[in-house]
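**Student:** My questions will all concern the structure given below.
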Amino acid sequence: MGFTEDRSTWFEGQGLWQHVPAEQWQDWTWQLKNRITSLEDLERFMTLTPEERRGVAFAGKKLSLAITPYFFNLIDRTDPNCPIRKQLIPREGEMLVSPGEQLDSLGEDEHSPVPGIVHRYPDRVLFLVTDRCAAYCRYCTRSRLVSNAQDYNFHPEYEQGLRYIEAHPEVRDVLLSGGDPLLLSDRKLEHLLARLREIPHVEFIRIGSRIPVFLPQRITPKLCEIFKRYGPIWMSIHVNHPKEATAELRDACERLSFAGVPLGNQSVLLSGVNDDAEVMKALVHRLLRMRVRPYYIYQMDLITGGAHFKVDVRKGIEIVRSLRGHTTGYAVPQYVIDAPGGGGKVPINPDYIEKITDDEIVFRNYEGNVHRYPLRVEAGKVPALDPMSVIDGS
Ligand SMILES: *Cc1c(COP(=O)(O)O)cnc(C)c1O
Ligand code: SF4
Numbered sequence: 001m002g003f004t005e006d007r008s009t010w011f012e013g014q015g016l017w018q019h020v021p022a023e024q025w026q027d028w029t030w031q032l033k034n035r036i037t038s039l040e041d042l043e044r045f046m047t048l049t050p051e052e053r054r055g056v057a058f059a060g061k062k063l064s065l066a067i068t069p070y071f072f073n074l075i076d077r078t079d080p081n082c083p084i085r086k087q088l089i090p091r092e093g094e095m096l097v098s099p100g101e102q103l104d105s106l107g108e109d110e111h112s113p114v115p116g117i118v119h120r121y122p123d124r125v126l127f128l129v130t131d132r133c134a135a136y137c138r139y140c141t142r143s144r145l146v147s148n149a150q151d152y153n154f155h156p157e158y159e160q161g162l163r164y165i166e167a168h169p170e171v172r173d174v175l176l177s178g179g180d181p182l183l184l185s186d187r188k189l190e191h192l193l194a195r196l197r198e199i200p201h202v203e204f205i206r207i208g209s210r211i212p213v214f215l216p217q218r219i220t221p222k223l224c225e226i227f228k229r230y231g232p233i234w235m236s237i238h239v240n241h242p243k244e245a246t247a248e249l250r251d252a253c254e255r256l257s258f259a260g261v262p263l264g265n266q267s268v269l270l271s272g273v274n275d276d277a278e279v280m281k282a283l284v285h286r287l288l289r290m291r292v293r294p295y296y297i298y299q300m301d302l303i304t305g306g307a308h309f310k311v312d313v314r315k316g317i318e319i320v321r322s323l324r325g326h327t328t329g330y331a332v333p334q335y336v337i338d339a340p341g342g343g344g345k346v347p348i349n350p351d352y353i354e355k356i357t358d359d360e361i362v363f364r365n366y367e368g369n370v371h372r373y374p375l376r377v378e379a380g381k382v383p384a385l386d387p388m389s390v391i392d393g394s
C-alpha cells in the first residue's frame with residue numbers, strides 16, 4: 001500500500017468534469033444531482049471487477065450506491081485496490097454475513113427513547129436528524145437506516161427529539177448526526193441550531209459530518225454565517241486516507257475554522273485503506289495542516305457484511321504506537337472500540353505501563369526504553385532553598 005507525502009500532490013481541479021462550467025461544479029446541488037448512483041454510471045467511467053459488479057447489484061438492498069463527481073475524481077480507476085475505491089464502490093463481500101455481525105451492532109435502537117435520539121451516556125445524546133448522505137461509505141455503521149435501501153422505517157422527526165432534549169436537563173451535549181446533518185437546507189439547519197441554543201442546559205453542540213469530504217462545495221459562506229451566529233458549534237469530519245485531503249477540502253476546513261468551528265477528525269480503521277503506519281502518518285499530518293485535530297480512530301463496528309474491511313486490533317494498536325512520540329502530540333488520535341451491544345466507546349491505546357507498585361511506576365517511552373518514576377512520598381529532609389531567602393528575595 002503506502003502513501004508518500006509529497007507537498008505538491010493535494011488533488012485539485014475538476015478532473016473528469018473539465019467540460020462543466022466552474023460555477024456549476026462549485027454548486028453543491030449540481031454535485032448532488034450528478035452523483036454516480038448506478039452500474040451504468042460507473043461503467044461509463046471505469047471497468048469494474050466481477051466482485052464489484054456483484055456488489056453493485058446487491059447495493060440496492062443494503063445501502064445505496066452514491067458518489068459525488070468531486071469525490072469520484074479521487075478514485076484510481078485503473079487500480080482495484082485504490083483506497084478511495086474500496087470505501088465507496090460496493091464489493092461482493094457486503095452480501096456475506098459473518099458470525100457476530102449485526103444490523104444494529106451498537107444496540108442503538110435499544111438506547112433510543114424517541115425516534116432519532118440515542119441516549120447512551122448520561123450527559124449527552126446522539127441526535128439523528130436525517131437518513132441521507134452525500135455519498136455512502138460501504139462500511140457504514142448505520143447502513144440499516146441511511147439511504148433507505150432497507151425497509152427500516154426510519155423517519156427522522158426532529159420535533160420529538162428536540163422535545164426529549166428540552167425535557168432532560170442532564171443533556172448538556174448534543175451530537176447531530178445521521179445520515180449527514182449538513183444535507184439539511186440552510187433554513188432547516190438554522191432552525192434546528194436556533195432551537196437547541198434556546199435550551200438552557202445544552203452547553204455543547206457538535207455536528208458529525210462527512211460533507212466537507214464528499215461535498216466541500218456545501219460549505220458555503222452562508223452556511224458558515226449560520227455557524228458563526230449559533231456558535232460555538234464543534235465539528236467532527238471523517239477522513240480515512242490522505243488522498244481525501246484535497247485543496248478543496250483544505251479550503252472548506254479553512255472556511256469552517258474562520259467561522260469559529262473547531263474541527264476534529266474521525267477515521268475508521270479499514271483493511272486495505274488505512275491499516276498502514278505510513279498512510280496514517282501522512283493522514284494525520286495533512287489533517288493538522290488543515291487545522292483539523294485527529295480525534296478518534298475507530299475499530300470497525302461489527303456490521304453485517306463488513307468482514308472484508310476488518311483489521312486486527314493488534315495492528316491498530318501498533319499504528320497508534322508508531323505515531324505517539326514519533327510525531328506531534330496533536331496528531332495522535334485515540335483508538336477506540338465502540339463496545340458491541342452498546343457499552344460506549346472504550347480506548348484501546350497502546351500500553352506503556354510495565355508495572356505500578358506502592359514505590360514506583362515503571363513504563364516504556366516511545367523508543368521502548370524503560371523509565372521509572374518514584375511514587376512513595378516521604379517528607380523532605382533537606383531544604384532545597386533557605387525558606388527565608390525565598391520570602392525576602394535575598
Ligand atoms: C460517539 C457517541 C457519542 C459521543 O461520544 P464522545 O466520546 O463524547 O465523542 C455520544 N452518544 C453516542 C450514542 C455515541 O455513539
Ligand atoms: S457519511 Fe457517515 S452516515 Fe453517511 S454513509 Fe458514510 S459513515 Fe454512514
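In the UniProt record's numbering, the protein residues as written are 1 to 394.
Yeah, the Cβ is synthetic: ideal placement off N, Cα and C, and Gly gets one too.
Inspect the beta-carbon positions of P113 and E170 and report whether they are closer than 8 angstroms.
**Tutor:** Here residue 113 corresponds to residue number 113 of the sequence shown, with the count starting at 1. Here residue 170 corresponds to residue number 170 of the sequence shown, with the count starting at 1. No, the Cβ-Cβ distance between P113 and E170 is not below 8 angstroms.
**Student:** I need the straight-line Cα distance from Y296 to L182, nearest angstrom please.
**Tutor:** Mapped onto the sequence shown, residue 296 falls at position 296. Mapped onto the sequence shown, residue 182 falls at position 182. Cα-Cα distance, rounded: 21 angstroms.
**Student:** Going residue by residue through the stretch 297–336, where are the continuous beta strand (DSSP E) segments of at least 3 residues, counting only ones entirely within it?
**Tutor:** Fully enclosed beta strand (DSSP E) runs of 3 or longer: not present.
**Student:** Closer than 7 angstroms by C-beta to Y352: which residues in its own chain qualify, once you throw out the five before and the five after it? Chain order, please.
**Tutor:** Reading the sequence shown from its first residue, position 352 is the one you call residue 352. Only F363 and R364 meet the Cβ criterion.
**Student:** For K33, I'd like the list of residues in its chain whose CB is within less than 7 angstroms of its CB, leaving aside the five on either flank, ordered along the chain.
**Tutor:** Stepping through the sequence shown from its first residue, residue 33 is reached at position 33. So the list is empty, once near-sequence residues are dropped.
**Student:** Ligand 1 heavy atoms versus the CB of D359: any closer than 7 angstroms?
**Tutor:** Along the sequence shown, read from residue 1 onward, the residue named residue 359 stands at position 359. For ligand 1, not one heavy atom lies less than 7 angstroms from the Cβ of D359.
**Student:** For the beta strand (DSSP E) containing Y121, list its first residue and its last residue.
**Tutor:** Locating residue 121 in the sequence shown gives position 121, where the first residue counts as 1. Y121 -> beta strand (DSSP E) spans I117 to Y121.
**Student:** Give the DSSP-derived three-state secondary structure of P242 in the structure shown.
**Tutor:** Numbered from 1 along the sequence shown, position 242 holds the residue referred to as residue 242. Correct three-state label for P242: helix.
**Student:** Spatial neighbours of G161 within its chain, please: CB distance less than 7 angstroms, with the 5 preceding and 5 following residues excluded, ordered by chain position.
**Tutor:** As a working note, residue 161 is residue 161 in the sequence shown. Excluding sequence neighbours, G161 sits near V114, G116, I117 and F127.
**Student:** Buried or exposed for F3, going by 16 or more other Cβ atoms inside 10 Å?
**Tutor:** On the sequence shown, position 3 is the one that residue 3 refers to. Buried: at least 16 other Cβ atoms inside 10 Å.
**Student:** Spell out a yes or no on whether the stretch 267–285 and the stretch 64–71 are touching, meaning 3 or more CB-CB pairs, one atom from each, closer than 8 angstroms.
**Tutor:** In short, these stretches do not touch, since the Cβ pair count stays below three.
**Student:** So within the stretch 70–127, which uninterrupted alpha helix (DSSP H) runs reach at least 4 residues, ignoring any that extend past its ends?
**Tutor:** You should have 83–88.
**Student:** At the level of alpha carbons, what is the spacing between P318 and H326?
**Tutor:** As a first step, residue 318 must be located in the sequence shown, where it is residue number 318. As a first step, residue 326 must be located in the sequence shown, where it is residue number 326. A small fix is needed here, since residue 318 is Glu in this sequence, not Pro. C-alpha separation (whole angstroms): 12 angstroms.
**Student:** According to the neighbour-count rule (16 or more other Cβ atoms, all chains shown, within 10 Å of its Cβ), is E52 buried or exposed?
**Tutor:** To locate residue 52, count along the sequence shown from 1; it is residue 52. Classification for E52: buried.
**Student:** Helix, strand or coil for F154, going by three-state DSSP, please let me know.
**Tutor:** For the purposes of this step, residue 154 is taken as the residue at position 154 of the sequence shown. Of the three classes helix, strand and coil, the one that applies to F154 here is coil, per DSSP.
**Student:** Could you pull out every residue in the same chain whose Cβ sits closer than 8 angstroms to the Cβ of V174, ignoring the five residues on either side in sequence?
**Tutor:** On the sequence shown, residue 174 is found 174 positions in, with the first residue counted as 1. Taken in chain order, the residues that qualify are R124, V125, F127, I165, L196, V202, F204, I205 and R206.
**Student:** Could you work out which residue in F258, G260, T9 and P242 is closest to A277 when comparing CA atoms only?
**Tutor:** The sequence position of residue 277 within the sequence shown is 277, counting from 1. Considering only alpha carbons, the answer is P242.
**Student:** Please find out if some non-hydrogen atom of ligand 2 comes closer than 7 angstroms to the beta-carbon of V146.
**Tutor:** Mapped onto the sequence shown, residue 146 falls at position 146. V146 Cβ: within cutoff of ligand 2.
**Student:** If distances are taken between C-alpha atoms only, which option among L74, R54 and G55 comes closest to F45?
**Tutor:** By 1-based counting over the sequence shown, the position of residue 45 is 45. Nearest C-alpha to F45: L74.
**Student:** Straight-line CA distance for D251 to S257?
**Tutor:** Along the sequence shown, one-based indexing puts residue 251 at 251. Along the sequence shown, one-based indexing puts residue 257 at 257. D251 and S257: Cα-Cα distance of roughly 10 angstroms.
**Student:** Would you identify the three-state DSSP class for H285, choosing helix, strand or coil?
**Tutor:** The sequence position of residue 285 within the sequence shown is 285, counting from 1. H285 falls in the helix class under three-state DSSP.
**Student:** Give the straight-line distance between the Cα atoms of A194 and Y230, rounded to the nearest whole angstrom.
**Tutor:** The sequence position of residue 194 within the sequence shown is 194, counting from 1. The sequence position of residue 230 within the sequence shown is 230, counting from 1. Approximately 7 angstroms, taken between the alpha carbons.
**Student:** Residues in the same chain with beta-carbon distance under 6 angstroms from W17, minus the five sequence neighbours each way, listed in chain order, please.
**Tutor:** The residue you call residue 17 lines up with position 17 of the sequence shown. So the list reads P69, once near-sequence residues are dropped.
**Student:** Helix, strand or coil for H371 per DSSP?
**Tutor:** On the sequence shown, position 371 is the one that residue 371 refers to. If DSSP states are grouped into helix, strand and coil, H371 belongs with the strands.
**Student:** Tell me whether G178, by its Cβ, gets closer than 7 angstroms to a heavy atom of ligand 2.
**Tutor:** Here the question's residue 178 lines up with position 178 in the sequence shown. Yes, since a heavy atom of ligand 2 falls inside the 7 angstroms radius drawn around the Cβ of G178.
**Student:** Below 6 angstroms CB to CB, which residues in the same chain sit around L39 once its five sequence neighbours on both sides are set aside?
**Tutor:** Counting from one through the sequence shown, the residue named residue 39 turns up at place 39. Here the set comprises V56.
**Student:** Quick one, are the C-beta atoms of T328 and L288 less than 8 angstroms apart?
**Tutor:** Numbered from its first residue, the sequence shown carries residue 328 at position 328. Numbered from its first residue, the sequence shown carries residue 288 at position 288. Yes.
**Student:** Please report the straight-line C-alpha distance between P232 and L223, rounded to a whole angstrom.
**Tutor:** By 1-based counting over the sequence shown, the position of residue 232 is 232. By 1-based counting over the sequence shown, the position of residue 223 is 223. Using only the alpha carbons, I get a separation of about 14 angstroms.
**Student:** With distances taken between CB atoms, is the gap from D301 to S105 smaller than 8 angstroms?
**Tutor:** Taking the sequence shown and counting its residues from 1, one reaches residue 301 at position 301. Taking the sequence shown and counting its residues from 1, one reaches residue 105 at position 105. In this structure, S105 lies closer than 8 angstroms to D301 by Cβ.
**Student:** For T47, count the other beta carbons within 10 Å of its own beta carbon; 16 or more makes it buried, fewer makes it exposed. Which is it?
**Tutor:** Within the sequence shown, residue 47 is the residue found at index 47, counting from 1. Classification of T47: exposed, given that the 10 Å Cβ count is below 16.
**Student:** Mind checking whether the beta-carbon of D79 lies closer than 7 angstroms to any heavy atom of ligand 1?
**Tutor:** To locate residue 79, count along the sequence shown from 1; it is residue 79. D79 Cβ: outside cutoff for every heavy atom of ligand 1.
**Student:** How long is the line joining the alpha carbons of F58 and R91, rounded to whole angstroms?
**Tutor:** Position 58 of the sequence shown holds residue 58. Position 91 of the sequence shown holds residue 91. Rounded to whole angstroms, F58 to R91 spans 9 angstroms at the Cα level.
**Student:** Does ligand 2 have a heavy atom nearer than 7 angstroms to the CB of C133?
**Tutor:** Translated into the one-based positions of the sequence shown, residue 133 becomes position 133. Checking the Cβ of C133 against ligand 2 gives yes.
**Student:** In terms of residue numbering, what span does the alpha helix (DSSP H) encompassing E43 cover?
**Tutor:** Reading the sequence shown from its first residue, position 43 is the one you call residue 43. Element bounds for E43: L39 to F45.
**Student:** Is there at least one non-hydrogen atom of ligand 2 closer than 7 angstroms to the beta-carbon of Y136?
**Tutor:** Translated into positions along the sequence shown, residue 136 becomes position 136. Yes; taking the cut-off as 7 angstroms, the Cβ of Y136 has a heavy atom of ligand 2 nearer than that.
**Student:** Does I165 come out as helix, strand or coil in the three-state DSSP assignment?
**Tutor:** Here residue 165 corresponds to residue number 165 of the sequence shown, with the count starting at 1. I165: helix per DSSP, three-state reduction.
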